Structure formats: structure tokens, C-alpha cells
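In UniProt numbering, the protein residues as written are 1 to 171.
Structure representation (C-alpha cells):
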């Protein structure tokens with residue numbers, strides 16, 4: 001399974017998703033932009049996608065929720081360890097209160113790894129991120145990160161919201 005995604009304005013991505021209703025897509029937005037995720041066995045319909053292989057997952061994405069994306073930049077030699085540890089974390093997360101879906105993604109090209117988790121609300125995710133299990137995983141990841149002046153990018157977290165069209169607040 002692969003996941004491809006792109007960013008843009010909500011209205012543009014909504015039209016794009018509507019043109020590809022037969023595909024499995026998830027439209028989400030943050031304060032800065034919107035993101036359209038395309039989950040498929042094949043190629044993406046995006047012109048310039050960011051493409052990933054699904055390493056570990058459970059549950060389909062819901063119609064609404066909070067998606068937390070951890071972008072993880074690691075050293076080449078640490079990639080197999082990160083994949084193993086993240087598969088373990090994904091399995092341990094099942095049953096976490098408020099958790100709806102998870103995807104751990106390996107980049108096809110020179111992008112960061114992504115750990116996506118979808119929650120019923122932000123407080124559920126925050127509670128999980130305070131857990132010993134998540135903290136232990138995060139410490140292991142920190143040891144694998146690319147650091148120093150040769151690596152200008154560092155790990156970061158982005159939060160998006162999957163909102164039903166009729167509930168969306170318009171500006």
C-alpha cells in the first residue's frame with residue numbers, strides 16, 4: 001500500500017478529491033494549509049505527490065478527527081531500526097483511548113519518515129504523547145535523528161483536522 005499527499009488550498013484540494021471519488025482520499029486542513037492524502041496500491045493522481053510506502057498501519061481513516069503527523073529525519077544507518085521500533089509502537093497503540101487510525105510511512109524519495117495518528121480529539125493525542133510507551137519511542141528516535149549543521153531540517157509535528165464539509169467554518 002502507498003500513500004501520496006499534496007498540499008494547497010482547501011477549495012482546490014476539495015475539487016481534486018471530488019474529481020477522483022473512486023479513489024481513497026482524506027482531505028484535512030490546518031491553520032496554514034490543506035492536505036489531501038491518497039491511499040492506493042497504484043500511482044497517485046497528483047501531479048507532484050510526496051509518496052510513501054506504508055510500513056505499518058491499522059484501521060481506515062475516519063470521516064472526521066485530528067491527524068497528528070510526526071515528520072522524522074533520520075540517519076541512513078538508523079532507518080531499519082526506526083522502522084522496527086515504529087512497527088512495534090503501532091502495534092502497542094491499538095486500543096489507545098480516542099485513537100482511530102495509524103500509518104507509519106517510509107519515504108519513496110528524499111523526504112522524512114512520517115508517523116500519522118488520527119484521534120477523536122487533540123486531548124486524546126496529548127494524553128498518548130505523555131505515556132511511557134510514546135516517550136520511550138520518542139527517545140529512541142531522538143538518538144537516530146540527523147543533527148548538526150549538515151542537516152538543516154529537524155523533526156517536527158503538524159496537526160491537521162478532518163472536518164465534514166457541512167461543519168467546516170468558512171473565513
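Ideal Cβ positions, reconstructed from N, Cα and C, are used throughout, including at glycine. Bear in mind the structure is a predicted one, so any value in this text is a computation, not a measurement.
Taking 8 Å as the threshold, find out whether the region 35 to 45 comes into contact with the region 81 to 101 through three or more Cβ pairs.
Counting Cβ pairs under 8 Å, fewer than three are found: no touch.
In its own chain, which residues sit with a C-beta less than 7 Å from the C-beta of residue 108, not counting the 5 before and 5 after it?
Result list for residue 108: 51, 52, 53, in chain order.
Taking the C-alpha atoms as reference points, what is the distance between residue 156 and residue 81?
Approximately 19 Å between the Cα atoms of the pair.
Since residue 70 and residue 114 are thought to touch, with beta carbons under 8 Å apart, how far apart are those beta carbons, to the nearest angstrom?
Right, the Cβ-Cβ distance comes to about 7 Å (below 8 Å), so this counts as a contact.
Contacting residues, own chain, Cβ-Cβ under 7 Å from residue 103 (five flanking each side not counted)
So the qualifying residues of the chain are 3, 54, 57, 116.
Which residues in the same chain as residue 141 place their Cβ atom closer than 8 Å to its Cβ, once the five residues preceding and following it in sequence are excluded?
These residues qualify, in order along the chain: 72, 74, 82, 85, 155.
Once DSSP output is grouped into helix, strand and coil, what is the label at residue 84?
Taken through DSSP and simplified to helix, strand or coil, residue 84 comes out as helix.
Tell me the DSSP secondary structure of residue 143 in three-state form.
Reduced to three states, the DSSP call for residue 143 is helix.
Does DSSP classify residue 115 as helix, strand or coil?
Secondary structure at residue 115: strand, using DSSP grouped into helix, strand and coil.
Same chain, Cβ closer than 7 Å to residue 134, neighbours up to 5 away in sequence not counted:
Excluding sequence positions up to five before and after residue 134, its CB lies within less than 7 Å of the CB of 128, all in the same chain and listed in chain order.
One question on the structure: do residue 20 and residue 61 come within less than 7 Å of each other, judged by their Cβ atoms?
Judged by their CB atoms, residue 20 and residue 61 are not nearer to each other than the 7 Å cut-off.
With a threshold of 16 other CB atoms inside 10 Å of the CB of residue 76, please say whether the residue is buried or exposed.
Looking at its Cβ environment, which holds fewer than 16 other Cβ atoms inside 10 Å, residue 76 is exposed.
Which residue or residues does DSSP assign as beta-bridge partners of residue 53?
Paired residues: 2, 106.
When you compare only the Cα positions, how much space is there between residue 130 and residue 136?
Cα-Cα distance, rounded: 10 Å.
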